[in-house]
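Going by the numbering used here, the letters in the sequence shown line up with residues 182 to 534, in that order.
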Amino acid sequence: TGSQKPPISREPLPPPPPKITVSASVSQSRTRESQTPSPQASRPQLPECLASVLKPTNETLNFWTHFIPLLLFLSKFCRLFFLSGQDVPFHHPWLLPLWCYASGVLLTFAMSCTAHVFSCLSLRLRAAFFYLDYASISYYGFGSTVAYYYYLLPGLSLLDARVMTPYVQQRLGWHVDCTRLIAAYRALVLPVAFVLAVACTVACCKSRTDWCSYPFALRTFVFVMPLSMACPIMLESWLFDLRGENPTLFVHFYRRYFWLVVAAFFNVSKIPERIHPGLFDIIGHSHQLFHIFTFLSIYDQVYYVEEGLRQFLKAPPAAPTFSGTVGYMLLLVICLGLVIKKFLNSTEFCSKK
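Next comes the structure, spelled out in structure tokens:
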């Protein structure tokens, strides 16, 4: 009889597994996150990061929208310090506030470019670069306050007791000597701005951890806080004829704040990519627009700070001190460095927000 063949099963075969499809929205979201490193994915090397600024990625125009302004402002400040034709040498104490301000502007754009290009090297470097980016914005904000303090605020009637004391008596009927109030403000404005710079950096670094549900809104809000240091200029325009007395300051000051409002709108709303996901991944997404409008705001600010410097040099008061300008900036660098070190040592630095 021999060996018999096993009977052939007549049971139906199982159906093939269903095809897995990826929706357009998921695919687009992955495209937008392509620059975010993951522990499993192979990470790009330094030459690849440098080459990426010439490739169509979601970070390419983020880089160029701040690198081009960096070159423009570098050229602008070089002309102011070295080619302005004035009799004031670049190392004169009268220019110390301008050095503080210029370093803040240039550092902000430089750190933004660095963060957008090299943040994909590793999660730790990503966190470090964005912490440095936040710190540079705080540094710039304090440098702006230093420039305001020496070049713009002394020319305001609001901070002149000889003008404000009779003004308050005439308008409000209050017999108040404004000398002490104005002196107190002058004494506190730089220390308060210093504390705000450190606090804003802490808040923005904290916003990259998992506890924060709306990180972009928080970062926008905390960086609006230091802008309050410019309130005397706004009050000056309400109480006195700033438009007639200093039209350059009036026009560029308010136009700067218009640009900042527009920039904040795009940063928080995430328009237009929220309306049409995927269409603006490479060109036109909200972060690029945010970069463009912040550049315009700083451009206007540089213009009226330069005008304030011209007025300051016509009749300069006591020369700014090294400790009251550069000394403050160096101390701020140390404090911000300690903040960044603390957050990098935290176990939550891997957040991708």
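Glycine included, every Cβ here is placed at the ideal spot set by N, Cα and C.
With distances taken Cα to Cα, identify the nearest neighbour of residue 253 among 480, 521 and 346.
Looking up residue 253 in the sequence shown gives position 72. Taking only the C-alpha atoms, the option nearest residue 253 is 480.
With burial defined as no fewer than 16 other Cβ atoms inside 10 Å of the residue's Cβ, what is the status of residue 501: buried or exposed?
Walking along the sequence shown from the start, residue 501 turns up at place 320. That one is buried.
Can you tell which of 250, 274 and 229 has the C-alpha that lies nearest to the C-alpha of residue 504?
In the sequence shown, counting from the first residue as 1, residue 504 sits at position 323. Ranking the options by Cα distance to residue 504, first place goes to 274.
Simplified DSSP assignment, three categories, for residue 427
For the purposes of this step, residue 427 is taken as the residue at position 246 of the sequence shown. In the structure shown, residue 427 sits in coil (DSSP, three-state: anything other than H, G, I, E or B).
N-terminal and C-terminal residue of the alpha helix (DSSP H) that residue 518 is part of
As a working mapping, residue 518 is identified with position 337 in the sequence shown. First-last of the alpha helix (DSSP H) with residue 518: 509 to 525.
Spatial distance of residue 487 from residue 329 (CA atoms)
Along the sequence shown, one-based indexing puts residue 487 at 306. Along the sequence shown, one-based indexing puts residue 329 at 148. Taking the straight line joining both Cα atoms gives about 11 Å.
For residue 377, which option in 270, 316, 351 and 499 has the closest C-alpha, if you only look at C-alpha atoms?
Taking the sequence shown and counting its residues from 1, the one referred to as residue 377 is at position 196. Closest by alpha carbon: 316.
So is residue 310 in contact with chain C if we call contact Cβ pairs under 8 Å?
The chain labelled as chain C is not found in the depicted structure, where only one protein chain is given.
Three-pair Cβ contact test at 8 Å for the stretch 284 to 303 versus the stretch 237 to 255
yes
Using three-state DSSP, classify residue 363 as helix, strand or coil.
Here residue 363 is taken as the residue at index 182 of the sequence shown, counted from 1. Helix at residue 363.
Where in the stretch 260 to 341 do unbroken runs of the alpha helix (DSSP H), each at least 4 residues long, occur, reported from the N-terminal end onward?
277 to 299 and 304 to 328
Pull up the CB-CB distance for residue 370 and residue 410, whole angstroms please, since I reckon it's below 8 Å.
By one-based count along the sequence shown, residue 370 stands at place 189. By one-based count along the sequence shown, residue 410 stands at place 229. At roughly 7 Å, the Cβ-Cβ gap stays under 8 Å, so residue 370 and residue 410 are in contact.
Residue 430 and residue 485 look like a contact to me (Cβ under 8 Å); what is the Cβ gap, rounded to whole Å?
Taking the sequence shown and counting its residues from 1, one reaches residue 430 at position 249. Taking the sequence shown and counting its residues from 1, one reaches residue 485 at position 304. About 5 Å separates the beta carbon of residue 430 from that of residue 485, a gap short enough to meet the 8 Å contact definition.
Separation of residue 320 from residue 507, as counted between CA atoms:
What you label residue 507 is simply residue 326 of the sequence shown in a count that begins at 1. What you label residue 320 is simply residue 139 of the sequence shown in a count that begins at 1. Approximately 12 Å, taken between the alpha carbons.
In whole angstroms, give me the CA-to-CA distance for residue 465 and residue 226.
Counting from one through the sequence shown, the residue named residue 465 turns up at place 284. Counting from one through the sequence shown, the residue named residue 226 turns up at place 45. Those two C-alpha atoms are separated by around 27 Å.
Taking just the CA atoms, how far does residue 461 sit from residue 192?
Taking the sequence shown and counting its residues from 1, one reaches residue 192 at position 11. Taking the sequence shown and counting its residues from 1, one reaches residue 461 at position 280. Summary for residue 192: the model assigns pLDDT 49, below 50, so the residue's position carries little reliability; its value from the coordinates is reported in the next sentence. The straight-line gap from Cα to Cα measures roughly 52 Å.
Locate the alpha helix (DSSP H) running through residue 504, then write down its first and last residues.
Stepping through the sequence shown from its first residue, residue 504 is reached at position 323. Premise fails: residue 504 is in no alpha helix (DSSP H) and is neither H nor E.
From the DSSP output, in three-state form, read off residue 451 for me.
The residue you call residue 451 lines up with position 270 of the sequence shown. Residue 451 falls in the coil class under three-state DSSP.
Determine the burial state of residue 214: buried for a count of at least 16 other Cβ atoms within 10 Å of its Cβ, exposed for fewer.
The sequence position of residue 214 within the sequence shown is 33, counting from 1. Note that residue 214 scores 38 on pLDDT, short of 50, meaning its location in the model is unreliable and no value can be drawn from it.
With a threshold of 6 Å on Cβ separation, who are the neighbours of residue 247 within its own chain once the five nearest residues in sequence on each side are excluded?
As a working mapping, residue 247 is identified with position 66 in the sequence shown. Excluding residues within five positions, the ones whose Cβ falls inside 6 Å are 290, 293, 294 and 472.
Go ahead and pull the three-state DSSP assignment for residue 182.
The sequence position of residue 182 within the sequence shown is 1, counting from 1. Unreliable placement is indicated for residue 182, whose pLDDT of 45 sits below 50; the coordinate value is still reported in the next sentence. Of the three classes helix, strand and coil, the one that applies to residue 182 here is coil, per DSSP.
Under 7 Å Cβ to Cβ from residue 209, same chain only, skipping five residues before and after it: list those, please.
One-based indexing of the sequence shown puts residue 209 at position 28. Bear in mind that a pLDDT of 35 at residue 209, under 50, signals an unreliable position, so the number given afterwards is only what the model happens to contain. If we look at residue 209 and ignore the five residues flanking it on each side, its Cβ neighbours are 458, 459 and 462.
Alpha carbon to alpha carbon, how far is residue 382 from residue 446?
Counting from one through the sequence shown, the residue named residue 382 turns up at place 201. Counting from one through the sequence shown, the residue named residue 446 turns up at place 265. Rounded to the nearest angstrom, the two C-alpha atoms are 21 Å apart.
Taking the CB atoms as reference points, tell me whether residue 414 and residue 434 lie closer together than 8 Å.
Start at 1 with the first residue of the sequence shown, and residue 414 comes out as number 233. Start at 1 with the first residue of the sequence shown, and residue 434 comes out as number 253. Taking 8 Å as the Cβ cut-off, residue 414 and residue 434 qualify as a contacting pair.
If you compare alpha carbons, which of 351, 344 and 241 is closest to residue 301?
Residue mapping note: residue 301 aligns to position 120 of the sequence shown, counting from 1. Ranking the options by Cα distance to residue 301, first place goes to 241.
Whole-angstrom distance between residue 367 and residue 518, CA atom to CA atom
As a working mapping, residue 518 is identified with position 337 in the sequence shown. As a working mapping, residue 367 is identified with position 186 in the sequence shown. Spanning the two alpha carbons is a distance of roughly 27 Å.
Tell me the DSSP secondary structure of residue 358 in three-state form.
The residue given as residue 358 occupies position 177 in the sequence shown. Annotated three-state conformation of residue 358 is coil, per DSSP.
Neighbourhood of residue 482 by C-beta distance below 6 Å, restricted to the same chain and skipping five residues each side
Start at 1 with the first residue of the sequence shown, and residue 482 comes out as number 301. Here the set comprises 437.
Buried or exposed for residue 307, please, with buried defined as at least 16 other CB atoms from any protein chain shown within 10 angstroms of its CB.
Residue mapping note: residue 307 aligns to position 126 of the sequence shown, counting from 1. Flag for residue 307 reads buried.
Opening and closing residue of the alpha helix (DSSP H) in which residue 481 lies
As a position in the sequence shown, residue 481 is number 300, starting the count at 1. Going by DSSP, residue 481 is part of the alpha helix (DSSP H) stretching over 467 to 495.
Are the CB atoms of residue 440 and residue 474 nearer to each other than 8 Å?
Counting from one through the sequence shown, the residue named residue 440 turns up at place 259. Counting from one through the sequence shown, the residue named residue 474 turns up at place 293. A contact, by the Cβ cut-off of 8 Å.
Nearest CA to the CA of residue 444: which residue from 520, 420 and 405?
Along the sequence shown, one-based indexing puts residue 444 at 263. Of 520, 420 and 405, the residue nearest in Cα terms is 405.
Exposure of residue 311, with buried meaning 16 or more beta-carbon neighbours within 10 Å:
Taking the first residue of the sequence shown as 1, we reach residue 311 at position 130. The residue in question, residue 311, is buried, as its Cβ has 16 or more Cβ neighbours within 10 Å.
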